[in-house]
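Working notes, beginning with the structure itself.
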Amino acid sequence: MSWMLPESFSTFGGDIDRIYYIILWITGIAFFLSEGILVYFLFRYRHKEGRKAKYVHGNTRAEIVWTAGTALIVFIVGMLSIGVWSRVRTQLPQDAMEVIVSAKQFEWNVTYPGQDGVIGTEDDFTKRNEVHAVVDRPIIAYLRAEDVIHSFFLPDLRVKQDAVPGMETPVWFEATETGEYVVGCAELCGLGHYRMAGTLTVHTAADYQAWEQAEIQAAGQ
Amino acid sequence: MTTDAMALERGYMPGMRVYNLKLGMWVFLLSEVMFFTGLIGSYIILRFAHPTQFAEPGVVLNVPLTAFNTFVLICSSVTMVKAYAAIATGDQKGLKIWLLATIALGTFFVGIQVFEYIALAQHGFVPMASAYAAEGGALYGSTFYTMTGFHGTHVTIGVLCLWFVLWRAWKGAYSADSLGGVEIVGLYWHFVDLVWIILFTIVYLI
Amino acid sequence: MDPQPAQEAAMEHAEEHKDPPYFLVWGVLFILTILEVFFAFTGLPKFWIATGLIIMALWKALLVAMYYMHLRFEPRRMWILAASPLPLAVILVIAVLTEF
Amino acid sequence: MSTAEAAIGDRTAAHEHVDHDIPFIRKYVFSTDHKTIAKQFMFMSLFFLVVGGLLAMMMRWQLGYPSQPMPGGAILPETMAPGGILLPEFYNSLVTMHGTIMIFFAIMPLLVGFFGNLLIPLQVGAPDMAFPRLNMASFWLAFPAGLLMLASFLVEGGAAGAGWTSYAPLSASGEYTGVYLGQQLWLVSLTILGFSSLAGAVNYITTVINWRAPGMTWFRLPLATWSLFITSILILLAIPILAGALIMLLFDQTIGTTFFLPAGGGEPLLWQHLFWFFGHPEVYILILPAMGIASDLIANGARKPIFGYHAMVLAIIGIAFLGWIVWGHHMFQSGMNPMLGTTFMVSTMFIAVPSAIKTFNWLGTLWGGDIHFTTPVLHGLAFVSMFIIGGLSGIFMASTPVDIYIHDTYFIVAHIHYVLFGGSLFAIFGGITFWFPKLFGTIMNERWGKIHWVLTMIFYNLVFFPMHSIGLQGHMRRLYDPTQYEYLEPLQPMNVFITISAFLLIAVQLIFVVNFFHSIWKGKKAGPNPWNANSLEWTVPSPPPHGNFATVPVVYRGPYEYSSPESDEDFLLQTTPPRDQQQPEPHATPAPEGA
Ligand code: HEA
Ligand code: HEA
Ligand code: CUA
Ligand SMILES: [Cu+2]
Chain V
0 MSWMLPESFS TFGGDIDRIY YIILWITGIA FFLSEGILVY FLFRYRHKEG
50 RKAKYVHGNT RAEIVWTAGT ALIVFIVGML SIGVWSRVRT QLPQDAMEVI
100 VSAKQFEWNV TYPGQDGVIG TEDDFTKRNE VHAVVDRPII AYLRAEDVIH
150 SFFLPDLRVK QDAVPGMETP VWFEATETGE YVVGCAELCG LGHYRMAGTL
200 TVHTAADYQA WEQAEIQAAG Q
Chain X
0 MTTDAMALER GYMPGMRVYN LKLGMWVFLL SEVMFFTGLI GSYIILRFAH
50 PTQFAEPGVV LNVPLTAFNT FVLICSSVTM VKAYAAIATG DQKGLKIWLL
100 ATIALGTFFV GIQVFEYIAL AQHGFVPMAS AYAAEGGALY GSTFYTMTGF
150 HGTHVTIGVL CLWFVLWRAW KGAYSADSLG GVEIVGLYWH FVDLVWIILF
200 TIVYLI
Chain C
0 MDPQPAQEAA MEHAEEHKDP PYFLVWGVLF ILTILEVFFA FTGLPKFWIA
50 TGLIIMALWK ALLVAMYYMH LRFEPRRMWI LAASPLPLAV ILVIAVLTEF
Chain E
0 MSTAEAAIGD RTAAHEHVDH DIPFIRKYVF STDHKTIAKQ FMFMSLFFLV
50 VGGLLAMMMR WQLGYPSQPM PGGAILPETM APGGILLPEF YNSLVTMHGT
100 IMIFFAIMPL LVGFFGNLLI PLQVGAPDMA FPRLNMASFW LAFPAGLLML
150 ASFLVEGGAA GAGWTSYAPL SASGEYTGVY LGQQLWLVSL TILGFSSLAG
200 AVNYITTVIN WRAPGMTWFR LPLATWSLFI TSILILLAIP ILAGALIMLL
250 FDQTIGTTFF LPAGGGEPLL WQHLFWFFGH PEVYILILPA MGIASDLIAN
300 GARKPIFGYH AMVLAIIGIA FLGWIVWGHH MFQSGMNPML GTTFMVSTMF
350 IAVPSAIKTF NWLGTLWGGD IHFTTPVLHG LAFVSMFIIG GLSGIFMAST
400 PVDIYIHDTY FIVAHIHYVL FGGSLFAIFG GITFWFPKLF GTIMNERWGK
450 IHWVLTMIFY NLVFFPMHSI GLQGHMRRLY DPTQYEYLEP LQPMNVFITI
500 SAFLLIAVQL IFVVNFFHSI WKGKKAGPNP WNANSLEWTV PSPPPHGNFA
550 TVPVVYRGPY EYSSPESDED FLLQTTPPRD QQQPEPHATP APEGA
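Chains as they are written, first to last, in numbering that gives the first Met the number 0: chain V, 0 to 220; chain X, 0 to 205; chain C, 0 to 99; chain E, 0 to 594.
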């Protein structure tokens with residue numbers, strides 16, 4: 000039972016988590032405040048012989064206070080969120096690596112640019128359920144789907160974006176540490192939804208070079 | 000407590016100053032508005048998203064014929080409202096005649112639409128993607144038949160209701176101060192006409 | 000169960016002094032329809048054709064609602080009731096259109 | 000007092016004999032009496048509540064003991080659970096049908112079909128609904144719709160398995176799920192249910208607008224009726240959109256149109272927009288009546304007027320209005336235009352404002368009260384405290400960046416159940432206990448009611464509170480076997496814990512079932528006004544006679560005049576004439592002494 004988020008390994012992961020914790024504080028306070036008052040009233044004003052309830056119909060000032068108060072709080076939360084959201088979703092990074100992630104029941108096919116570094120040429124090569132990226136270097140994945148809607152989910156990097164057939168949705172991230180991370184499918188996509196898993200391998204630039212060369216060789220044969 | 004005294008004389012508080020049947024019909028028509036919003040809205044959105052899937056006006060659809068059909072439906076609205084006006088002045092004969100006229104025009108409208116469907120289908124303009132062979136794309140067929148089809152169904156239901164009202168009129172069920180049935184079937188009928196006015200413009204002319 | 004429209008019909012007649020001009024409205028609808036058809040095929044830019052046609056269509060729809068559905072002779076709250084779904088319809092279509 | 004009792008006595012007598020003229024079939028089966036129809040809706044939806052609960056138990060078994068034979072699983076056919084082990088496709092059907100049945104066939108008919116039918120005519124002072132026959136049709140459409148939904152389990156290919164949201168294209172073509180007929184039955188059934196809801200809505204709206212008793216001005220309506228009225232407007236305008244979408248999807252499934260199939264140029268996102276444009280108002284359809292009921296219960300328990308009655312009404316209207324412009328918050332990660340996402344986030348955030356107004360006014364109602372902890376009140380209080388949790392978790396998801404991570408995880412599942420079980424269902428339990436006398440003339444057993452309440456509160460929270468936590472660890476929803484992801488392995492003990500609690504939760508519901516049926520036959524007889532409440536339904540005998548009111552009641556004041564100095568008791572019926580008019584009006588209903 001924990002309200003903490005697992006460690007995040009992407010550049011914007013921290014911002015997302017910060018907003019989460021801010022909201023956790025705000026709602027936490029709101030929670031203990033309202034539930035506390037509730038319980039206190041229940042105890043304080045429980046039925047006793049001869050007690051007669053106050054005969055009041057409300058209080059306009061109180062109404063204004065909590066209306067305005069709540070409005071202000073949610074407004075602030077909204078404003079905080081907009082910043083991160085537009086950073087994550089509305090601006091794609093320059094000089095990023097590019098791959099095409101094409102989802103289908105129940106696998107992720109990742110197409111890499113290959114030698115020329117351009118996608119859509121014949122030297123591209125495709126790996127099944129394997130995403131490879133370089134640490135501290137942004138990468139854009141162009142999400143496609145061949146059959147139904149899937150959702151490209153990298154829990155450790157705070158990335159989630161649906162892959163919709165008939166659309167190409169770009170999603171980007173920048174890993175901050177090398178290692179192996181899980182790729183999951185977050186949108187119900189059929190009986191194999193639960194096992195539509197892949198891996199994200201984040202290399203150092205050098206390792207990535209080596210791996211890419213090896214793959215190109217393999218594709219060559 | 001003067002308000003209560005007044006309320007007492009009035010009996011139930013008629014919040015709309017409109018009798019139940021009529022209010023109920025209006026309320027129902029609001030939901031009909033949203034229903035056609037769903038269909039027409041989807042058409043607008045899909046067409047906006049995929050212009051190439053749709054043909055220019057007049058290329059596939061037969062505009063003159065449908066324009067004439069629109070005219071027929073408008074006429075049926077006049078006859079309907081005349082039926083109402085007739086009974087409002089207690090004119091039983093007028094009521095029956097105008098109702099019959101409305102039924103005739105409504106049936107005629109549906110007839111022309113069926114004829115139009117057959118003609119279109121022969122040119123490969125069909126709802127299903129697999130067999131679609133006309134200009135534009137399958138979305139055109141899908142949306143066209145769904146929208147006009149549901150409107151046609153509404154007209155057909157309207158005609159059936161009109162038959163029922165006519166039958167009751169024959170039994171002398173209506174009079175100048177009891178014309179609820181005639182009025183609400185009229186409301187429905189005019190609404191269906193109204194929807195067609197929009198459909199004709201959006202589907203056939205734009 | 001249902002109070003007969005007697006008093007209510009009476010009220011209506013009180014407000015609407017004589018029969019509304021049903022046939023006049025019919026004439027206008029007829030002319031507008033013809034105008035629409037011709038306007039649709041004047042080679043104007045698509046945008047203008049669309050706006051022009053929609054204006055005419057809404058005009059016709061309004062005529063039907065006002066005169067044939069007697070909205071003109073109903074209490075104002077009926078107007079509000081009748082207009083209530085329109086904003087929602089607009090919101091839905093506009094919002095989704097911004098997608099594309 | 001004797002006179003009053005007498006008056007009621009012979010009035011019932013009169014109506015008894017009227018009742019006897021009605022043949023059995025018209026009285027109990029094809030009845031047009033709103034109280035009978037209410038009962039029909041209640042029994043139907045309680046049955047579906049049990050079904051939905053049992054489906055949930057099967058899901059929980061699979062999640063707690065993935066791919067292990069479930070006890071008694073052998074009774075399931077090979078196509079569902081060979082060797083008692085659930086198949087993934089059957090799990091998907093379970094999730095889908097659980098969600099669909101609970102929302103459309105349990106909670107919605109309970110709140111709208113049952114409470115709407117029972118309360119509206121009684122609380123506005125009408126003899127029945129405006130259109131009794133339409134009302135009957137409403138039930139006799141809902142019932143077959145439910146049977147169709149259940150039948151889809153038996154057809155070849157199994158029941159629909161694309162989630163209760165049935166996202167296209169997964170739902171639009173059987174080749175993706177192997178479910179053909181099942182999905183089509185799902186679509187047809189919901190379309191029929193839509194017609195049923197529309198019939199109801201038209202009835203409720205007309206009745207509330209036109210059939211309020213003399214003196215029952217808008218701001219003298221009980222909040223239960225207010226919320227049901229606003230809810231009906233939501234139903235009236237939201238259901239048709241769903242119906243349109245369902246029909247288009249059905250055409251995609253059957254005759255080969257391509258509205259939502261990208262292969263033919265369709266737009267999968269269009270389905271989501273249409274569905275959620277209906278779907279979000281729908282979730283408020285599921286909470287507003289509960290809010291109204293809870294308000295009535297809490298005011299009655301605190302023996303105090305509702306704090307800020309006008310604010311409460313405005314909040315209901317505000318929630319209903321805002322509910323129309325937030326639907327996109329279900330689609331933040333769907334590939335929807337991010338700018339649109341921003342707008343939807345802001346509008347969603349502001350839904351918290353009217354909800355806050357309501358929450359704090361409930362607290363205000365308790366402040367300075369003289370709180371009697373009867374079972375209905377306890378359920379009302381449970382509603383408030385649980386709705387706060389569910390609502391606050393909504394704020395997390397409303398924040399687009401946070402939603403990136405928690406979308407489609409168990410955090411959402413926790414939210415769903417805190418608002419729908421903790422909110423709606425607790426209000427329903429409370430409402431049933433409170434108005435039980437108006438249904439069967441008896442009172443439910445208080446002791447067992449309280450025991451059921453305590454145990455439900457405990458186990459309910461043990462089931463759903465941990466779901467927040469596993470959601471935050473990245474546990475996706477609609478996941479047949481979480482152990483497939485090794486980063487979810489550590490959560491397995493928690494899943495087992497949830498499953499065990501879930502079984503205990505449904506087990507303690509038996510207390511309610513037993514109490515319910517026992518009280519129908521053996522329950523203590525109730526007077527007209529066992530809870531000393533004020534609104535019109537408490538001025539007539541329990542159960543109210545056919546036609547409800549012997550004479551048109553006259554209303555002199557609001558429904559929450561508890562502890563008013565005007566009366567010697569701590570309650571004051573809406574029909575008691577004010578002190579300045581000594582003699583009650585000739586045809587005003589005499590105020591019976593509270594039993
Ligand atoms: C009864 C049903 C109900 C209700 C009332 C709500 C109420 C709310 N819901 Fe919920 N929702 C659902 C039923 C409901 N929801 C369901 C079924 C789903 C899942 C659908 C699916 O299957 O995908 C869902 C999903 C859902 C999502 C999509 C999540 C996702 O899929 O990624 C979002 C996102 O914004 C959301 C938000 C909200 C908000 C902001 C409210 C607000 O109305 C809550 C407002 C209430 C409060 C805020 C608490 C009281 C206020 C105070 C105590 C004052 C202090 C508060 C502050 C200072 C903030 N809901
Ligand atoms: C009101 C709605 C409602 C209710 C009450 C419940 C009740 C329960 N739900 Fe669920 N649930 C949903 C609505 C609801 N649910 C929805 C909408 C979804 C999303 C579906 C989707 O993803 O598509 C969902 C999804 C969902 C999931 C996620 C599945 C997944 O994503 O893989 C889980 C998992 O544990 C779950 C569990 C439970 C459990 C254990 C209960 C238990 O509380 C059940 C306990 C049993 C009862 C409450 C009934 C007892 C009966 C009575 C008390 C009445 C008897 C009285 C008489 C006969 C007189 N539900
Ligand atoms: Cu792919 Cu779920
Ligand atoms: Cu929502």
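Backbone N, C-alpha and C define an ideal beta-carbon position, used for all residues, glycine too. Here the structure is a predicted model, which means the values were calculated and not measured.
Here's the rule I'm using: 16 or more other beta-carbon atoms within 10 Å means buried, otherwise exposed. How should residue i be labelled?
i: Thr-2 of chain E; result: Model confidence at Thr-2 of chain E stands at a pLDDT of 33, short of 50, so the residue's coordinates are unreliable; what they give is reported in the following sentence. With fewer than 16 Cβ atoms within 10 Å of its Cβ, Thr-2 of chain E is classed as exposed.
i: Pro-76 of chain E; result: exposed
i: Leu-380 of chain E; result: buried
i: Glu-534 of chain E; result: At residue 534 of chain E the sequence reads Ser, which differs from the Glu that was named. That one is buried.
i: Arg-71 of chain C; result: exposed
i: His-49 of chain X; result: buried
i: Ile-33 of chain C; result: exposed
i: Leu-186 of chain E; result: buried
What do you reckon, is the C-beta of residue i under 7 Å from a heavy atom of ligand 2?
i: Phe-515 of chain E; result: yes
Quick check on residue i - is its C-beta less than 8 Å from some C-beta in chain E?
i: Thr-147 of chain X; result: no
i: Val-26 of chain X; result: yes
i: Ile-48 of chain C; result: no
i: Lys-103 of chain V; result: no
i: Gly-177 of chain X; result: A small fix is needed here, since residue 177 of chain X is Ser in this sequence, not Gly. Not closer than 8 Å to any Cβ of chain E, the Cβ of Ser-177 of chain X fails to qualify, so no.
i: Trp-171 of chain V; result: no
i: Pro-74 of chain C; result: no
Taking only beta-carbon positions, decide if residue i is within less than 8 Å of chain C.
i: Trp-217 of chain E; result: no
i: Ala-13 of chain E; result: With a pLDDT of 38 at Ala-13 of chain E, under the threshold of 50, the modelled position of that residue is not reliable, and the figure given next carries that caveat. Chain C contact via Cβ: absent.
i: Trp-595 of chain E; result: Past the boundaries of the shown model lies residue 595 of chain E; chain E is included only from 0 to 594, so the question cannot be answered.
i: Leu-193 of chain X; result: yes
Just checking: is the beta-carbon of residue i within a distance shorter than 8 Å of some beta-carbon in chain B?
i: Ile-44 of chain X; result: Protein chains in the displayed structure are V, X, C and E, and chain B is not among them.
Check whether chain V comes within 8 Å of residue i, counting only Cβ atoms and requiring the distance to be less than that.
i: Gly-473 of chain E; result: yes
i: Gly-367 of chain E; result: yes
Quick check: is any heavy atom of ligand 3 less than 7 Å from the C-beta of residue i?
i: His-192 of chain V; result: yes
i: Glu-145 of chain V; result: no
i: His-474 of chain E; result: no
Flag residue i as yes when its Cβ comes closer than 7 Å to any non-hydrogen atom of ligand 4, and as no otherwise.
i: Val-282 of chain E; result: yes
i: Val-73 of chain V; result: no
Does the beta-carbon of residue i, which I'm using as the reference point, lie nearer than 7 Å to any heavy atom of ligand 1?
i: His-328 of chain E; result: yes
i: Phe-331 of chain E; result: yes
i: Ser-150 of chain V; result: no
i: Gly-291 of chain E; result: no
**Request:** Identify each residue in the stretch 117 to 130 of chain E for which the Cβ-Cβ distance to at least one residue of chain X is less than 7 Å, and report them in chain order.
**Result:** Taking 7 Å as the Cβ-Cβ cut-off against chain X, the residues of the stretch 117 to 130 of chain E that qualify are Ala-129 and Phe-130.
**Asked** Taking the runs of the beta strand (DSSP E) that are 3 residues or longer, which of them lie wholly in the stretch 103 to 178 of chain V?
**Response** With a minimum length of 3 residues, the continuous beta strand (DSSP E) runs that stay inside the stretch 103 to 178 of chain V are 106 to 111, 124 to 127, 129 to 133, 138 to 144, 149 to 153, 158 to 162 and 168 to 172.
**Message:** Extract the residue ranges of the alpha helix (DSSP H) inside the stretch 5 to 75 of chain C, only unbroken runs of 4 or more that lie entirely within it.
**Reply:** Counting only unbroken stretches of 4 or more residues, the alpha helix (DSSP H) elements lying wholly within the stretch 5 to 75 of chain C are 5 to 14, 21 to 40 and 45 to 62, in sequence order.
**Asked** What are the uninterrupted segments assigned as alpha helix (DSSP H) that are 4 or more residues long and contained completely in the stretch 390 to 427 of chain E, given in chain order?
**Response** DSSP runs (the alpha helix (DSSP H)) wholly in the stretch 390 to 427 of chain E: 399 to 405 and 409 to 418.
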